[in-house]
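Shown next, in structure tokens, is the structure this report addresses.
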Amino acid sequence: MKSFLNVSDLGDLNKALEEALEIKKDRYKYAELGRHKTALLVFFNNSLRTRLSTQKAAQNLGMNVIVLDVNAGAWKLETERGVVMDGDKSEHLLEAIPVMASYCDVIGIRSFAGLKDRDYDYAETVYEQFVKYSGKPVFAMETATVHPLQAFADLITIEEHKSCRRPKVVLTWAPHPKSLPQAVPNSFAQWMNAADVDFVITHPKGYELDPKFAGEARVEYDQMKAFEGADFIYAKNWSCPGVTCPEKYGLILEDYHDMLDWTVSQRQMAVTHGGKFMHCLPVRRNMIVTDDVIEGADSLVIPEAANREISATVVLKRILESL
Ligand code: CP
Numbered sequence: 000m001k002s003f004l005n006v007s008d009l010g011d012l013n014k015a016l017e018e019a020l021e022i023k024k025d026r027y028k029y030a031e032l033g034r035h036k037t038a039l040l041v042f043f044n045n046s047l048r049t050r051l052s053t054q055k056a057a058q059n060l061g062m063n064v065i066v067l068d069v070n071a072g073a074w075k076l077e078t079e080r081g082v083v084m085d086g087d088k089s090e091h092l093l094e095a096i097p098v099m100a101s102y103c104d105v106i107g108i109r110s111f112a113g114l115k116d117r118d119y120d121y122a123e124t125v126y127e128q129f130v131k132y133s134g135k136p137v138f139a140m141e142t143a144t145v146h147p148l149q150a151f152a153d154l155i156t157i158e159e160h161k162s163c164r165r166p167k168v169v170l171t172w173a174p175h176p177k178s179l180p181q182a183v184p185n186s187f188a189q190w191m192n193a194a195d196v197d198f199v200i201t202h203p204k205g206y207e208l209d210p211k212f213a214g215e216a217r218v219e220y221d222q223m224k225a226f227e228g229a230d231f232i233y234a235k236n237w238s239c240p241g242v243t244c245p246e247k248y249g250l251i252l253e254d255y256h257d258m259l260d261w262t263v264s265q266r267q268m269a270v271t272h273g274g275k276f277m278h279c280l281p282v283r284r285n286m287i288v289t290d291d292v293i294e295g296a297d298s299l300v301i302p303e304a305a306n307r308e309i310s311a312t313v314v315l316k317r318i319l320e321s322l
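Here it is in structure tokens:
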């Protein structure tokens, strides 16, 4: 595997799930695979879970790990070609990438969407530059449009906690005071479409996800109706993806104070089928979800985060096997 962005990069999803559950039983089973191999994890944005779980996964496989926080101690990087570099950015990504690549065997990238230029973000410009100029396998640790390590961990969590063969899984938009990227909902939708689940997306009008990720998934604009009979509720905020209104890409469409009835609470959970609550974290309480729901017995947010180590171990293992 030379690049990990999309669910299709893993091949047979059932096999990947089996491998994940096998690794979860013995996470050091492949501890020799990464001997004398180095993973470089490059963060253009903040992280808690991705940073720790991906480092742990690399260590499970016996790898050396280097972490670079681009905005804390490194030279500020210019990412666009043709720019006269007379500002605060001292180094261009096109020199920095091959230099970074010379110290490692595998590169993980976290680089969020700028939410200003839809074409730039949806072309995965920064990630693809690493693919093109590093000559090394590259994997997404949340890029402009996707967060596949999260979606894989989410799928593992659903597999472990489902009580019927084909559960109903609902992705619900929830309010947030800041403009957030679509990477998590994009990947969650893409992975749920590939999995054997009954998948429904609910959000206010204007937040339609890009069809590249939403596929044929049913969209239900009435959140209460969407929640009826659901086995899993996956909450997330995202800004306008600009599908039906390109000029509004990256914007919050209504004042969040007017959208608080979308906050996931016992009112909505009461119509589910004993629904389990999921969120990728970090989460803003009483904005995305109420305290009682996230703290309740049906909240999966902690096991979901713990499964990030497992999804990253599978992905790094597949990459190491392809070197
Ligand atoms: N869910 C997730 O990616 O968390 P971090 O932003 O803390 O890495």
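Letter 101 of the sequence shown, counting from 1, is numbered 100 in numbering that gives the first Met the number 0, and no numbers are missing.
We put the CB at the ideal spot given by N, CA and C, even for glycine.
None of these values were measured; they are calculated from a predicted model.
Comparing C-alpha distances from Tyr102 to each of Lys36, Arg266, Asp68 and Ser89 shows the shortest one belongs to Lys36. CA-CA distance, Gly10 to His256, rounds to 43 Å. Distances between the C-beta of Thr49 and the heavy atoms of the ligand CP include at least one below 6 Å. Counting along the chain, the unbroken beta strand (DSSP E) around Asn63 starts and ends at Asn63 to Asp68. In this structure, Gln149 has its CB closer than 6 Å to one or more heavy atoms of the ligand CP. Here Lys235 is buried: its Cβ has 16 or more other Cβ atoms, across all protein chains shown, within 10 Å. Beta-bridge partners assigned by DSSP to Arg109: Phe42.
Of all C-beta pairs linking the segment 140 to 153 to the segment 65 to 73, fewer than three are shorter than 8 Å, placing the two stretches out of contact. Relative to the ligand CP, Ser46 has its C-beta within less than 6 Å of a heavy atom.
Restricting attention to Val98, Gln149, Glu159 and Ala112, the CA atom closest to the CA of Phe129 is found in Val98. Gly134 and Glu94 have their C-alpha atoms some 13 Å from each other. Beyond the five residues adjoining it in sequence on each side, Tyr233 comes within less than 8 Å, by CB distance, of Asp153, Val168, Val169, Leu170, Thr171, Phe187, Met277 and His278 in the same chain, given in chain order. DSSP places Ser298 within a strand segment (E or B) once states are collapsed to three. Measuring C-alpha to C-alpha distances from Glu219 to each of Val199, Thr49, Glu227 and Gln267 identifies Val199 as the nearest. Distance from Ile318 to Val105 at the Cβ level is roughly 5 Å; contact confirmed, criterion being Cβ atoms closer than 8 Å. Distance from the CA of Arg26 to the CA of Ile309, rounded to the nearest whole angstrom, comes to 8 Å.
Only residues of its own chain outside the window of five on either side were considered, and among them Ala30, Glu31, Leu32, Gly33 and Arg34 have a CB closer than 7 Å to the CB of Gly61, listed in chain order.
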